[in-house]
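Asks: Residue numbers (numbering that gives the first Met the number 0), protein chains in the order written: chain R, 0 to 101; chain W, 0 to 101.
Beta carbons: idealized from backbone N, C-alpha and C, even for Gly.
Quick caveat, the model's predicted, so the values are computed rather than measured.
Protein chains: 2
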Amino acid sequence: MLILLLRQILNPDTLVSIVGVLAAILTTSSFLPQMIKAYRTKSMHDVSRYLMSMFATGTVLWMVYGIYKSDLVIVGANAIATVFNVVLLFMKFSYGKPTKVA
Amino acid sequence: MLILLLRQILNPDTLVSIVGVLAAILTTSSFLPQMIKAYRTKSMHDVSRYLMSMFATGTVLWMVYGIYKSDLVIVGANAIATVFNVVLLFMKFSYGKPTKVA
Chain R
0 MLILLLRQIL NPDTLVSIVG VLAAILTTSS FLPQMIKAYR TKSMHDVSRY
50 LMSMFATGTV LWMVYGIYKS DLVIVGANAI ATVFNVVLLF MKFSYGKPTK
100 VA
Chain W
0 MLILLLRQIL NPDTLVSIVG VLAAILTTSS FLPQMIKAYR TKSMHDVSRY
50 LMSMFATGTV LWMVYGIYKS DLVIVGANAI ATVFNVVLLF MKFSYGKPTK
100 VA
């Protein structure tokens, strides 16, 4: 039973799917700490608006690519990444003003 | 001749490759404006270090995934994205200190 499970996990296709899911979780959730930081500090002056707008446009295209390739990992990861980046873009418009120093 | 070229471009496989390459160019180059902004302002206080460190770890895993799937678009895009994020992480360590206000 354990050997069967290990053989299943060590199957290259399973391994690469695990790597893909881990990759998707990491690149997608990497925007969460930025959202938390922005929400806490209410400051996004140093964050480029082009980062989020280009990234979100790109993830929409990645979704189209993933749908055609029937790759659910690519579709799912980029769907969530699109949402996160659109939220960050709205936060940038709210918190993007520099803090008055003088 | 023109019809042959159009038929080649309108072929679904060609179209989806174009979408993939455009997606890769957008998500990868989205980090360039952030690098330019950080270089100009010498300030990255509002940028979360977890964004870059998680993203770079994720893109390395995406490269492994792309190599196994023999998908050059995924491998290439993530190789460049890894480099950009490592550079941004170094910039964060240099420019991450908040500007003294008081």
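1) So what's Val46(W) in DSSP terms, helix, strand or just coil?
2) Kindly list the residues whose CB is nearer than 6 Å to the CB of Leu3(W), restricted to its own chain and excluding five residues on each side of it in sequence; keep chain order.
3) Look up Lys96(W) in the DSSP assignment and say whether it is helix, strand or coil.
4) Counting beta carbon pairs with one atom in the stretch 10-23 of chain R and one in the stretch 33-53 of chain R, are three or more of them shorter than 8 Å?
5) Skipping 5 residues on each side, what residues in its chain have a beta carbon closer than 6 Å to that of Thr27(W)?
6) If distances are taken between C-alpha atoms only, which option among Ala37(W), Thr13(W), Ser93(W), Phe89(W) comes closest to Ala55(W)?
7) Measuring only between beta-carbons, confirm whether Lys96(R) sits less than 8 Å from chain W.
8) Would Leu10(R) be called buried (16 or more neighbouring beta carbons within 10 Å of its own) or exposed?
9) To the nearest angstrom, how far is it from the Cα of Met53(W) to the Cα of Asp12(W)?
10) In three-state DSSP terms, what is Leu9(W)?
11) For Tyr38(R) and chain W, any beta-carbon pair shorter than 8 Å?
12) Taking C-beta pairs closer than 7 Å, name the residues in chain W that Ala78(R) reaches, listed in chain order.
13) Around the C-beta of Ile35(R), are 16 or more other C-beta atoms found within 10 angstroms, so that it is buried, or is it exposed?
14) Beta-carbon within less than 6 Å of Gly65(R)'s beta-carbon, same chain only, minus the 5 sequence neighbours each way: which residues are those?
15) Measuring only the C-alpha atoms, how far is Asp70(W) from Leu14(R)?
16) Along chain R, which residues have their Cβ under 8 Å away from the Cβ of Phe54(W)?
17) Kindly indicate which three-state DSSP category Lys68(W) falls into: helix, strand or coil?
18) Just verifying my parser: in three-state terms, what is the DSSP assignment at Lys91(R)?
19) Just checking: is the beta-carbon of Gly75(W) within a distance shorter than 8 Å of some beta-carbon in chain R?
Replies: Taking the definition as stated:
1) Collapsing the DSSP output to three states places Val46(W) in coil.
2) Taking C-beta separations shorter than 6 Å and ignoring five residues to either side along the sequence, Leu3(W) has no partners in its chain.
3) Three-state DSSP puts Lys96(W) in coil, outside helix and strand.
4) Contact between the stretch 33-53 of chain R and the stretch 10-23 of chain R is absent, because fewer than three Cβ pairs lie under 8 Å.
5) Once the five neighbours on either side are set aside, the close Cβ partners of Thr27(W) are Ala76, Ile79, Ala80.
6) If we check each option's Cα against that of Ala55(W), Phe89(W) comes out closest.
7) No, Lys96(R) lies away from the interface with chain W (no Cβ there is under 8 Å from its Cβ).
8) First, the amino acid is wrong: residue 10(R) is Asn here, not Leu. Its Cβ having fewer than 16 others within 10 Å, Asn10(R) is exposed.
9) Between the alpha carbons of Met53(W) and Asp12(W) lies a gap of roughly 32 Å.
10) DSSP places Leu9(W) outside both helix and strand once states are collapsed to three, so it counts as coil.
11) It does not; no Cβ of chain W falls within 8 Å.
12) Ordered by position in chain W, no residue passes the 7 Å Cβ test against Ala78(R), which lies about 13 Å from the chain.
13) Counting of Cβ neighbours within 10 angstroms places Ile35(R) among the exposed residues, the total staying below 16.
14) For Gly65(R), the CB contacts under 6 Å within the same chain, skipping 5 residues up- and downstream, are Ile73, Val74 in chain order.
15) The straight-line gap from Cα to Cα measures roughly 17 Å.
16) Within chain R, the residues near Phe54(W) are Leu25, Thr26, Ser29.
17) Note: Lys68(W) maps to coil in three-state DSSP.
18) In the structure shown, Lys91(R) sits in a helix (DSSP, three-state: H, G or I).
19) No, because no Cβ of chain R sits closer than 8 Å to the Cβ of Gly75(W).
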